[in-house]
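Student: Pasting in a structure now, in structure tokens, and then I'll have a few things to ask.
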Amino acid sequence: MKRTGEKALSIISVVLNAISVGILILMLIGSKMIVNDPLLNTEIENSLAGSGFTEQEIVESVDFMGDFLIFISTIGWLFVVLGVISIVLAIVGAVKVNANPKVAGILFIIACVLSGIISLPGILLIIAGIMCFVRKPKIMTPIEARDENGYIIE
1 MKRTGEKALS
11 IISVVLNAIS
21 VGILILMLIG
31 SKMIVNDPLL
41 NTEIENSLAG
51 SGFTEQEIVE
61 SVDFMGDFLI
71 FISTIGWLFV
81 VLGVISIVLA
91 IVGAVKVNAN
101 PKVAGILFII
111 ACVLSGIISL
121 PGILLIIAGI
131 MCFVRKPKIM
141 TPIEARDENG
151 YIIE
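When you line the sequence shown up against the UniProt record's numbering, it's residues 1 to 154, in that order.
Right, here's the structure in full:
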């Protein structure tokens, strides 16, 4: 049975996941550059100095901002790893969909959970996974020649 729909949905989700992982990597690299930029830190210190904060509060605020960006960056890299695993599972599922649709459906659903169920690639993968489980192959009955009594003619 052809499973063109499942293959198309999985390929579209792989492309969308790859785009989102690429954008996330660029954002994480940009945030690392922001944390290491001394000009930005001095600009933030200067803007906080005019607002009535003490020197200690200003230093703590700048340190907190740097620590917060590092924390967000760490979580972002976790999402990058999950996205790459999701891409690999979706590709393997797309390759296996004709040979074993049940395994491909399980791979699509796992990839959906890893990429995010509410994201567009996740929705496409869950649809492909459900289609793998629901669609049944057509039963091909051979056409047999029969005579007027119902016996098979060979």
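Cβ atoms here follow ideal geometry from the backbone N, Cα and C, with glycine treated the same way.
Computed from a predicted structure; not experimentally measured.
Could you compute how far the alpha carbon of SER10 sits from the alpha carbon of PHE133?
Tutor: In the sequence shown, residue 10 corresponds to position 10, counting from 1. In the sequence shown, residue 133 corresponds to position 133, counting from 1. Cα to Cα, SER10 sits roughly 15 Å from PHE133.
Student: What does a CB cutoff of less than 6 Å around CYS112 pick up in its chain, not counting 5 residues either side in sequence?
Tutor: Start at 1 with the first residue of the sequence shown, and residue 112 comes out as number 112. Once the five neighbours on either side are set aside, the close Cβ partners of CYS112 are GLY122, LEU125 and ILE126.
Student: What residue range is occupied by the uninterrupted alpha helix (DSSP H) comprising LYS32?
Tutor: Here residue 32 corresponds to residue number 32 of the sequence shown, with the count starting at 1. DSSP places LYS32 in the uninterrupted alpha helix (DSSP H) bounded by 4-35.
Student: Please determine, among ILE153, MET131 and ILE139, the residue with the shortest C-alpha to C-alpha distance to GLU6.
Tutor: As a working note, residue 6 is residue 6 in the sequence shown. That would be MET131, whose Cα lies nearest to the Cα of GLU6.
Student: Starting from MET131, trace the alpha helix (DSSP H) in both directions and tell me its first and last residue.
Tutor: As a first step, residue 131 must be located in the sequence shown, where it is residue number 131. Looking at the DSSP string, the run of the alpha helix (DSSP H) that includes MET131 is 120-134.
Student: Would you say ILE85 lies against chain D (beta-carbon separation less than 8 Å)?
Tutor: The structure shown has no chain D; it contains just one protein chain.
Student: Look up ILE143 in the DSSP assignment and say whether it is helix, strand or coil.
Tutor: In the sequence shown, the residue the question calls residue 143 occupies position 143. If DSSP states are grouped into helix, strand and coil, ILE143 belongs with coil.
Student: Going by Cα to Cα distance, which pick from THR54, LEU40, ILE109 and ILE19 is closest to VAL92?
Tutor: Within the sequence shown, residue 92 is the residue found at index 92, counting from 1. Checked all of THR54, LEU40, ILE109 and ILE19; the closest Cα to VAL92 is ILE109.
Student: Can you give me the start and stop residues for the alpha helix (DSSP H) that PHE71 sits inside?
Tutor: Mapped onto the sequence shown, residue 71 falls at position 71. Taken as a continuous stretch (DSSP letters only), the alpha helix (DSSP H) holding PHE71 covers 55-96.
Student: Just tell me which of ILE85, ALA8, ILE152 and MET33 has its CA closest to the CA of LEU114.
Tutor: Position 114 of the sequence shown, counted from the first residue, corresponds to residue 114. Out of ILE85, ALA8, ILE152 and MET33, ILE85 has the C-alpha closest to the C-alpha of LEU114.
Student: Apart from the five residues just before and just after PRO142, which ones in its own chain have a Cβ nearer than 8 Å to its Cβ?
Tutor: Position 142 of the sequence shown, counted from the first residue, corresponds to residue 142. There are no such residues.
Student: Can you give me the start and stop residues for the alpha helix (DSSP H) that PRO137 sits inside?
Tutor: Along the sequence shown, read from residue 1 onward, the residue named residue 137 stands at position 137. First-last for PRO137: undefined, no H or E at that position.
Student: On the three-state DSSP scale, how would you describe ILE152?
Tutor: For the purposes of this step, residue 152 is identified with residue 152 of the sequence shown, where counting begins at 1. Strand, per DSSP.
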